[in-house]
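*Asks:* What follows is a structure written as structure tokens; I'll ask about it next.
Protein chains: 2
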Amino acid sequence: MVQLNSDDLGRLLLAVGILLLVARLLGELAQRIGQPGILGELLTGILLGPSILGALAPTAHDYLFPAAGPSVLALDGLANVGVVLFLLVAGMEVNLSTIWRQGRSALSVSLSGIVIPFAIGFVAGWLAPGLLGCSDQADRLVFALFLATTLSISALPVIARTLMDLNLYRSDLGMIIIAAAIFDDLAGWIIFAVILGMMGASNHGLSPNSAVFVTLLYTLGMLTAGRYLVHRVLPWIQAKTSWPGGVLAFALSLAVFGAAFTEGIVVHAVFGSVIVGVVIGDSSHVREQTRMTISQFVSFVFAPLFFASIGLKVNVIANFEPLLVLLVFGLSCSGKIIGCWIGGRLGGMSKREACAVGFGMNARGVMGIILGLLALQNGVISESMFVAIVVMSVATSMIAGPAMRLTLRLKKRRRLADYLSSKTFAGWLRTTDRRDAIETLCRVAANGGLAYETVQRAVLAREKTMPTGIGNGVAIPHARIEGLQRPILALGLSAAGIDFDAPDGEPSHIVFLILCPLNDDGAQLQILADIARTFSSPTARQEILRVNTYTELLATLRSALTDHH
Amino acid sequence: MVQLNSDDLGRLLLAVGILLLVARLLGELAQRIGQPGILGELLTGILLGPSILGALAPTAHDYLFPAAGPSVLALDGLANVGVVLFLLVAGMEVNLSTIWRQGRSALSVSLSGIVIPFAIGFVAGWLAPGLLGCSDQADRLVFALFLATTLSISALPVIARTLMDLNLYRSDLGMIIIAAAIFDDLAGWIIFAVILGMMGASNHGLSPNSAVFVTLLYTLGMLTAGRYLVHRVLPWIQAKTSWPGGVLAFALSLAVFGAAFTEGIVVHAVFGSVIVGVVIGDSSHVREQTRMTISQFVSFVFAPLFFASIGLKVNVIANFEPLLVLLVFGLSCSGKIIGCWIGGRLGGMSKREACAVGFGMNARGVMGIILGLLALQNGVISESMFVAIVVMSVATSMIAGPAMRLTLRLKKRRRLADYLSSKTFAGWLRTTDRRDAIETLCRVAANGGLAYETVQRAVLAREKTMPTGIGNGVAIPHARIEGLQRPILALGLSAAGIDFDAPDGEPSHIVFLILCPLNDDGAQLQILADIARTFSSPTARQEILRVNTYTELLATLRSALTDHH
């Protein structure tokens, strides 16, 4: 059996390490400016690929990512396994039963949100294939169908995350959007699989009709019989095999088999694994921790390798055509937003809501990029069109959140850690007296420009009317302060414990001082709920009592908050 | 950039899926008969490789694992990334400070446990290279050093797991063995890295001396400056980046960089990542959940791909030479057991303990196999010798546990689920009366052949002297029964709750009946502790109250027990 030699292995490892590290760094930077992490991962490929590194330092580029050779093949293999697993995870987020629970609105949003952009895309692609980056050898019908599909899909993972950020995920509006997105996502995949079958079939001796037939059969079979079997077999696996290895191996190998099957029938591998993901994710027998383990490893290790590898394959800068980008972007937004708006209005939504739904469903995210890549690899579109689709997919995802927030006039959701700063972390309190402790925290909190006396008087007055120990060793002295613009949180820790008259009689070791504006719109309640939820876990309480610096505090709060979501 | 075509991608995915699935199946079977899971993973390669599938169904074999081609290169890349990550995890299990805490005994065990097998291996390898499978073109000195190293290493991961199984991990004896194994493991790796440097250096233009020098410099630098930096940087990463993505990407890319570096200086990649693992694992800032996520994904996805791929490369059956296998096995056991025995006696252990330490340290496990593979790839040993080393490594690991148990006269540790059976699971109780519930459970428990009246009388008498509700909705009626050979556990669930007079006043929903032999040697206490620990978690309590069948019960118990270890 042929093997990688030492030189190739060294290159491969170096390339993987650099891709992982840079993708994470740029991903973090993207999130820092409020953008999805995948933007950073895509930029990684552009930075390290022919677009930038290849132009500036061709020797380094050619060493890491040579045009051919065993190390590049192995890297491509890793990226391919990465996208297959990524779609397993994306599929697992789909909850089929959600669709049925959301009656009329969801149905009309999703149907109108597919039909209108599909029609616009098909007509545009049919009438002006040259203008829209149809590749020379591609069939006009296939190209028009491809463009129609790309404009009609919605990227469920991006939409779900946007709704969570906006605190809308569990709201009625949120569930309608999710249900419609699931439907559009699945329908888009199936249509696309059919198109792929039509395109690729001729190369493999399978007639287009039979490729389409097998694709539909696979989808139907998996969603019915496959779903039933998986739901039956999962408890058995969890009972009889080592945990979580058995479930992990089962889920991953099923995804890979599905992918190999659809790749074999000339529909791309990703279609097979997304369907397996839907089937597995739908079973109530999959434990939360199994989902987490798969999704964390895939999101932070495999997916970045795939997204970064896109930029390695295409020179994004040389193929950037502003006019084409604008055209694709305009077509996408108008088709999807108008379609969903009409659907929403028909489904009985207000204008404002229907508009927000349109912006939400407009996010193409990763799905748009993957579809574009497949079309590029199958010779349907030009490299410039691929770049335009990538830009459109990223841009629609980036504006989805802010646009929904604006239309619905929502405030951005803030977490506990956002209210704290290194200045308002008082560290370990030396006193065991309640009043002393409150005054120390008031001094720290007022430091930013408030009058200490005002703060101290208000907090002590509040404490007098009602003691603020809430049990579990946590106390939350608080007050509303006139003229304050945004909430301030201060934190002090006590090893000995301070008596805050808690209902469980325990002394308080964790003391949060909460100052809120007079016209507080629920921020105080939200902070309170966050504190209570975070420190209901004994682990979180123990961990916070081990921190010494503000950095360690942030680390603890972040992981404690993540643990509970 | 060159890419895998559709056919290659299909083969790759199919091969990965089959390897994962078969490895897990055989791994489970191996564990079922009390053997380490890695045995099954190794057998997977033998089954699917040239040894068996290649001989029986050459067409299928050549389709999945062709002798050359892009899909095999990509698979080899995956297996290599797999072994690099596996050694990251293995390194993370090393706890450097343990060595220092175990004074004289650990030091004499580890020194004597290295020096004596090393001497035996070196002399044997020097005197009879031909007999011991030295390859024709290999240097005699290098071969003798390789054999010496292979006989001196100990496989920390195998030893740690064996001690946990025997419930000895936290005992004095256990800590001495662990400390000595860490030392031998690290020393073995460093010696082997030096030998690899000597072997490979000439091919790369690096002089042997400078390869050795760079290797030692890397090790020292990482264990001092690298360790300091990682410990400093980790809290910052956890505070400033998304969790757990930041830490995951940091750990994995550092491991891959270390691997690329040592591969670059002609010492194999695995050495670089095992040292990175030691450095990262040693930092108290790495959270338990991050360790879990990495270790679960690596152990159940990447490691099986690597171990299975070994059998794909070598025809184990054709290269099995019984004499050589026996010789290597005999040399290994005698050297390590005698060495550790002498060390243990010098360190003040009893004969029995010293003997147990010898059997424990004798496990070569995965480390022996990886060393052998590297020697094979570098042309130091023949394929037959490699097979002999694989057999020796597996066999020494397999006998370590049973031999220690016999020497120390220990009982095998049993878990809660081992005492239950489908016959003693009473399901949902209809009654809310304590006596009724106890009698139902007694009937179920006595079903196997005990006299129901005896059991019922003993349990009710015990219940009278002391109510057995232990709070959290759990009750544990119990009794000792004359003539009983092994403990019996019965379980009944109650939706309404039954009053067992628990200290927290809550009714009991989970009722375990425990019957123990008269001369019970701690089994009852252990079962009690297991029950208390398992159901201290609210999640476990909620989940068990959702089960309907015995299979679902087992699944819940298994994952609940895993969650707490």
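Which chain is which? The protein sequence lines are A and B, in order.
If you're matching positions, the first sequence starts at -7 in the working numbering and goes up one per residue.
If you're matching positions, the second sequence starts at -7 in the working numbering and goes up one per residue.
Note that the Cβ used here is the ideal one computed from N, Cα and C, for glycine as well.
Computed from a predicted structure; not experimentally measured.
Got a sec: which bits of the region 210 to 227 of chain A sit with their beta carbon under 7 Å from any beta carbon on chain B, in order along the chain?
*Replies:* Here the close residues are 227.
*Asks:* Please report the straight-line C-alpha distance between residue 177/B and residue 117/B, rounded to a whole angstrom.
*Replies:* Between residue 177/B and residue 117/B, the C-alpha separation is close to 21 Å.
*Asks:* Quick one: using the 10 Å Cβ neighbour count with 16 as the cut-off for buried, is residue 328/A buried or exposed?
*Replies:* Buried, by the Cβ-count rule.
*Asks:* Using the Cβ count rule (16 or more neighbours within 10 Å means buried), how would you classify residue 540/A?
*Replies:* That one is exposed.
*Asks:* Show which residues of chain B have a CB atom less than 9 Å away from the CB atom of residue 543/A.
*Replies:* Ordered by position in chain B, the residues that pass the 9 Å Cβ test against residue 543/A are 227, 228, 230, 231, 232.
*Asks:* According to the neighbour-count rule (16 or more other Cβ atoms, all chains shown, within 10 Å of its Cβ), is residue 42/B buried or exposed?
*Replies:* The residue is buried, with at least 16 neighbouring Cβ atoms inside 10 Å.
*Asks:* Can you tell me the Cα-Cα spacing of residue 248/B and residue 260/B, whole angstroms?
*Replies:* In a straight line, the C-alpha of residue 248/B is about 12 Å away from that of residue 260/B.
*Asks:* If you count every other CB in all the chains shown that lies within 10 Å of the CB of residue 556/B, and 16 or more means buried, which is it?
*Replies:* Reliability of the predicted coordinates at residue 556/B is poor, the pLDDT of 39 falling under 50, and the value obtained from them is presented with this limitation in mind. Flag for residue 556/B reads exposed.
*Asks:* Does the Cβ of residue 210/A have 16 or more other Cβ atoms within 10 Å, making it buried, or fewer, making it exposed?
*Replies:* Buried.
*Asks:* Less than 8 Å between the CB atoms is what I'm expecting for residue 257/A and residue 216/A, so what's the real figure, rounded?
*Replies:* With 8 Å as the limit, residue 257/A and residue 216/A do not qualify as a contact, their Cβ atoms being about 19 Å apart.
*Asks:* To the nearest angstrom, how far is the alpha carbon of residue 393/B from that of residue 27/B?
*Replies:* Cα-Cα distance, rounded: 10 Å.
*Asks:* What does a CB cutoff of less than 7 Å around residue 339/B pick up in its chain, not counting 5 residues either side in sequence?
*Replies:* Cβ within range, chain order: 96, 97, 100, 101.
*Asks:* Determine, for residue 429/B, whether the minimum Cβ-Cβ distance to residues of chain A falls below 8 Å.
*Replies:* So, not an interface residue.
*Asks:* Alpha carbon to alpha carbon, what distance is there between residue 467/B and residue 532/B?
*Replies:* Rounded to whole angstroms, residue 532/B to residue 467/B spans 15 Å at the Cα level.
*Asks:* Thinking just about the alpha-carbon of each residue, which of 225/A, 13/A, 298/A is nearest to the one in residue 237/B?
*Replies:* For residue 237/B, the nearest C-alpha among the options comes from 13/A.
*Asks:* For residue 356/A, go through chain B and note every residue whose CB falls closer than 9 Å to its CB, in chain order.
*Replies:* Result: empty, since nearest Cβ-Cβ is about 23 Å, beyond 9 Å.
*Asks:* Closer than 9 Å, Cβ to any Cβ of chain A: which residues of the region 58 to 69 of chain B, in chain order?
*Replies:* Hits within the stretch, in order: 58, 59, 60, 61, 62, 63, 64, 65, 66, 67, 68, 69.
*Asks:* Which two residues bound the contiguous alpha helix (DSSP H) that contains residue 135/A?
*Replies:* Its alpha helix (DSSP H) spans residues 132 to 144.
*Asks:* Considering only their Cβ atoms, is the gap separating residue 9/A from residue 300/A smaller than 8 Å?
*Replies:* No, these two residues do not count as a Cβ contact at 8 Å.
*Asks:* Among 304/B, 68/B, 448/B, which residue has its Cα nearest to the Cα of residue 40/B?
*Replies:* Of the candidates 304/B, 68/B, 448/B, the one whose C-alpha sits nearest the C-alpha of residue 40/B is 304/B.
*Asks:* Since residue 73/B meets chain A, which of its residues come closer than 8 Å, beta carbon to beta carbon?
*Replies:* Ordered by position in chain A, the residues that pass the 8 Å Cβ test against residue 73/B are 4, 5, 8, 70.
*Asks:* Rounded to the nearest angstrom, how far is the Cβ of residue 380/B from that of residue 316/B, given a contact under 8 Å?
*Replies:* With a Cβ gap of about 5 Å, residue 380/B and residue 316/B count as contacting.
*Asks:* Grab me the residues of residue 321/A's own chain with a C-beta within less than 8 Å of its C-beta, minus the 5 sequence neighbours each way, in chain order.
*Replies:* These residues qualify, in order along the chain: 380, 383, 384, 387, 388.
*Asks:* List, from N- to C-terminal side, the alpha helix (DSSP H) runs of 4 residues or more that fit wholly inside the region 69 to 94 of chain B.
*Replies:* Runs of the alpha helix (DSSP H) inside the region 69 to 94 of chain B: 88 to 93.
*Asks:* Quick check on DSSP: helix, strand or coil for residue 502/B?
*Replies:* Reduced to three states, the DSSP call for residue 502/B is strand.
*Asks:* Note down, in chain order, each residue of its chain lying with its Cβ closer than 7 Å to the Cβ of residue 280/B, except the 5 sequence neighbours on either side.
*Replies:* For residue 280/B, where only same-chain residues beyond five positions count, there are no Cβ hits under 7 Å.
*Asks:* Of the residues 30/A, 7/A, 275/A, which one's Cα is nearest the Cα of residue 53/A?
*Replies:* Among 30/A, 7/A, 275/A, the Cα nearest to that of residue 53/A belongs to 7/A.
*Asks:* Answer with yes or no whether the minimum CB distance from residue 557/B to chain A is below 8 Å.
*Replies:* Residue placement at residue 557/B is flagged as unreliable, the pLDDT there being 37, under the threshold of 50; the coordinate-derived value follows with that caveat. No, residue 557/B does not count as interfacial toward chain A.
*Asks:* With the cut-off set at 8 Å, would you say residue 88/B and residue 270/B are in Cβ contact?
*Replies:* Their beta carbons are under 8 Å apart, which means residue 88/B touches residue 270/B by this criterion.
*Asks:* With DSSP as the reference, label residue 426/B as helix, strand or coil.
*Replies:* Three-state result, residue 426/B: helix.
*Asks:* Quick check on residue 33/B - is its C-beta less than 8 Å from some C-beta in chain A?
*Replies:* Closer than 8 Å: no.
*Asks:* Under 8 Å between C-beta atoms, does residue 293/A make it to chain B?
*Replies:* So, interface residue.
*Asks:* What do you get for residue 487/B, buried or exposed, if any count of 16 or more other CB atoms within 10 angstroms of its CB means buried?
*Replies:* Under this definition residue 487/B is an exposed residue.
*Asks:* Note the first and the last residue of the continuous beta strand (DSSP E) segment covering residue 478/B.
*Replies:* Per DSSP, residue 478/B belongs to no beta strand (DSSP E) and is neither H nor E.
*Asks:* Is residue 364/A closer than 8 Å to residue 378/A when the C-beta atoms are compared?
*Replies:* A contact, by the Cβ cut-off of 8 Å.
*Asks:* Could you pull the DSSP bridge partners for residue 466/A from this structure?
*Replies:* According to DSSP, residue 466/A bridges with 463/A, 502/A.
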